[in-house]
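See structure below.
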């Protein structure tokens, strides 16, 4: 029995695998069918009716849902189909807040693209427009229901991929709205700020809370010493904002652009990542040797931390007490760096550029100010940095490369791969043998923890101890793994959890690619390639080899896990209720 | 002592609302006062159908049908009829002077023309007594199926009968069961759609309230046919009496072992549970209904996969309407040929209609397919009240269309109605006369659809809203050139683009009224005039000077002081102030006020 | 319920109960129950008819009452209507006679001539 069927699309014979949809079959044959609510593997519900085709049924069918079958005759484009699609799109436009010129998604909006593609020259059916309040109380995510097209991609990602369900469709018919339970603001829900909803949204209904103005302000303040650190994933994504292909590394140009924006120093978060490995690796060794709480679970993903605080408060003690690299860096800058450079820490303004929206929430956590000053002053997403670069008129594509500044500009390859799922684990495993025995083992490329499978496992034998590790990305997968651990069905020493599917490279702050690009390209894998490439090209590949980091201990922190480390580089967590018991 | 007389009292929702429980209480009182309470049995039954004349009471053995009975009539009924044997003629329905009172209904068109199959037990048995159901061959069909027939034989019989879904779509029932039967799966489900959402429809309600066991029996038969052991009845929560009667029926059936394990000693087991709806018309749609049972937002999904292959909890599921099920036991007992002998070539059997609107005999009727609309409206329905002219009959509720006078002789069946631009629907039939505005009617149905749209797909969510906005403008006298064409454009695209049946059929009332009454639309848009005199915004109330006596009564009644004049001289209405409430016209004793 | 026989038994039992509601052409016994009839004991006659029919499991015969038939001196009176409309008028009845009428006229199709009005008038 053949695994393929032959169908006809627009008169063209197409061979397609059994179980695939008409949309997939058409794409494989180079036939483009417009979509709006479709987002591969995340939202496939046939709701928007843009992809309708004629399959000979009583009414047109959604190609994204209709299964292929032997001998099926499909017409994707006819006057009636075009008219129906146009009317449907005009209806969507008629209930959409058309402030395109000032919209954050102008020029990268799937609705805008569709309107152009379908040649809409007139909206024939204007009518009542809803006037919803914008929810901008969250530190990370802003929701604007007036621009929402009710495609439910955000709902799908929050409910099915992240299993948080902080938003869902409420109401019925024309009054349908995507909102949080009881219309409470997002900040009062268990929303973990991961921003996956933002990168799933085809239009401007979801965006990050903007810090751009505040950063411009700081940069023009002569009294402040404004420094910036960039996360590893940023360099793998920033290029897309300037039309580079997905997965292009733009590290050098990124640094140059930041210098041109006026930052006094441009640092690399990867350096702090190496520092994190030192602290966390030591923590792991300590727990293993002294029967501490296992598994040790990584704590660099603030989306994951909040998820744990809401849904697995009984596992808070498993979390590493290490701050994330972002915050370790901030603490280092306002203590070690301030002292070394003789700058008043009150005048140091730390900006971090992150692929992450949850980092904005993390920066506001009151306990993350152990130097007496907030570790981080403002967080910019990759997208916001691009906005600033464009606003400053910088011709990004033609910039020369530059290097990061000292004393926090050097990082090992281990630090770079933090941005991909499995990166933290691999970086740690490269150093753990040394931390345990004082000697390196042969493992540098631990490929078994790389890639986008839902759960990855590794086992490293050091001094007769078999250290079992697991890596999971996407909170839905984290949930499954944690449930298994709680039920005693799986045992590990060390677990890496990243809230975003694919890790930080696919974070809520990264450039947004439309569904059409995501149909063929796995952003997670493509962007991660850039990081592994940089790692391969590094001279130093293990965190404990970083001279900058070693100097930090020598000059300031004494030793990993020491008293000063604990004060400045470690933190604690807080159990959080999901929804208030009494809703008034 | 055996009861020598049975008094059947309708306890359908309509009559309950008109005090039939009080009537029963009074009966108990007066029978006891006369010492005959042990000889007379009071029986609660379901809907007789002639709701216009309710509350209905039938007394046997004479077979006297009393109508418009009120609690105050009870004393007389007891004293005259039950004690003295004298029929109370003033309350009698039909030929009051018939020699044999049992034959008094013979010539009452309402009853004479009906063929009650689905409603066979309604108004005859006490729905809360399983024995009475059994007395009328209840559960004999189930017994026959599980002990004498194979599942495939049952399916073949249903296929042969030509039964088509009575919920509206008219899909061949036997074929649906066949699809589910041929799926290989250890778990299958049988569902009953008792969500009956069409405004004004109460066919299913009457079956559930008057004969719940027929649904249970049919579901068990269906379970046997397709290989399922679990059924769900999804009933709208707005039917509390139906829910209660179903619960009682299920308990009684379980007690008798007619539901549960090893029915009739075979290894066929089947049980039924009730699931309540939560007020959404869209949950009458097959996939939305199942999604609702699963505890999720009641929204439809795309098909394929069809529920017979992947339905409730992704298992093969059949969903049939209450009325469809009500026919099943009779088909098995009397045979597919008998069923197929009723009706037309492509639409077999009977159909229950809820007749309402501007018609004399509002109520429930069951007629063979192929009966013409004219017969239903005039012979059975008793014609239009006040001698008004018939204008159109709306079938199929918010998914259907209007049938004008020129098509009154069309035999009613699935295909004929679709050809006319309407559809059978679940059986609602609303009669309109010359005083109804067809644009207003279309707006009414669209309002319903806008409210009930689930919101998942833009054509329905936004499209129906935009259509409604245009209709609102038209009926407010603000119609613009091009509005009618816009309605047509939207209607076509919504029909083709919507995800589910609700959206796909939502434009039907508009399309159908445009087809037959385009002139009314054009009068609204071009002349800002409502020919039927319904759309208030375009009405002008004026006083006919020749008829006005100057009594000033209208001026006094006017709530906004829009009428002025001198006593004994013709008064005048200020149209700028007039809010068109019509109070002046109602109070004028000289018919001197007109609206146009 | 474990067998069809059990179902049938319930049906038989219940049918007796509700057969009174069937409106088909059947034999009807109408007992005069006006004041004269009641005074003459028509109630007992009616009870006797009902009980005898019940005892014999006869379900397609109804017993109902009517008002004054007119021939008051002959009360208690009962009229038996055949399915084809033919009527037999019995007069001066009591419980015993009622039972005989059931046995002979209803069951055996032999009207009890000696109880009829015709016989009395001779």
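Chains as they are written, first to last, in this note's numbering: chain A, 370 to 953; chain B, 59 to 654; chain C, 18 to 139. For every residue, glycine included, the Cβ atom is placed at its ideal position computed from N, Cα and C.
Grab the span of the beta strand (DSSP E) containing residue i for me, first residue to last.
i	result
residue 865/A	863 to 867
residue 460/B	459 to 462
residue 512/A	510 to 512
residue 376/B	375 to 379
residue 523/A	First-last for residue 523/A: 522 to 525, but that is the alpha helix (DSSP H), not the beta strand (DSSP E).
residue 723/A	717 to 723
residue 49/C	44 to 49
Using CA coordinates, which residue listed in the options is at the minimum distance from residue i?
i	options	result
residue 239/B	418/B, 380/B and 365/B	365/B
residue 670/A	788/A, 761/A and 596/A	788/A
residue 333/B	368/B, 295/B and 649/B	295/B
residue 508/A	554/A, 934/A and 605/A	554/A
residue 606/A	794/A, 896/A, 446/A and 938/A	896/A
residue 680/A	531/A, 391/A and 385/A	531/A
residue 886/A	375/A, 396/A and 371/A	396/A
residue 702/A	637/A, 667/A, 684/A and 648/A	637/A
residue 902/A	739/A, 819/A and 753/A	819/A
residue 917/A	755/A, 734/A, 647/A and 729/A	647/A
residue 75/C	59/C, 123/C and 127/C	123/C
residue 358/B	589/B, 559/B, 422/B and 104/B	559/B
residue 546/A	489/A, 464/A and 456/A	464/A
residue 211/B	253/B, 74/B, 284/B and 181/B	284/B
For a quick check, are the C-beta atoms of residue i and residue j less than 8 Å apart?
i	j	result
residue 96/C	residue 105/C	yes
residue 518/B	residue 541/A	no
residue 415/B	residue 490/B	yes
residue 774/A	residue 635/A	yes
residue 353/B	residue 385/B	no
residue 564/B	residue 486/B	no
residue 472/B	residue 228/B	yes
residue 452/A	residue 374/A	no
residue 771/A	residue 621/A	yes
residue 50/C	residue 99/B	no
residue 633/A	residue 595/A	yes
residue 418/B	residue 441/B	yes
residue 64/C	residue 119/B	no
Would you give the residue range spanned by the alpha helix (DSSP H) that residue i belongs to?
i	result
residue 234/B	231 to 239
residue 486/B	Looking at the DSSP string, residue 486/B is not in any alpha helix (DSSP H); the run it does join, the beta strand (DSSP E), is 486 to 491.
residue 61/C	59 to 72
residue 301/B	298 to 313
residue 210/B	209 to 219
So what does residue i bridge to, in DSSP terms?
i	result
residue 106/C	96/C
residue 838/A	827/A and 863/A
residue 539/A	546/A
residue 402/B	Residue 402/B pairs with nothing; no bridge assigned.
residue 172/B	Looking at the DSSP assignment, residue 172/B forms no beta bridge with any residue, so it has no partner.
residue 691/A	939/A
residue 247/B	288/B and 375/B
residue 663/B	Lying before the first or after the last residue shown, residue 663/B is absent from chain B, which here runs from 59 to 654.
Between residue i and residue j, how many whole angstroms is the CB-CB distance? I'm expecting something under 8 Å.
i	j	result
residue 738/A	residue 744/A	6 Å
residue 400/B	residue 173/B	7 Å
residue 289/B	residue 281/B	6 Å
residue 798/A	residue 838/A	7 Å
Quick check: is any heavy atom of the ligand COA less than 7 Å from the C-beta of residue i?
i	result
residue 489/A	Among the components modelled here there is no ligand, and therefore nothing to report on the ligand COA.
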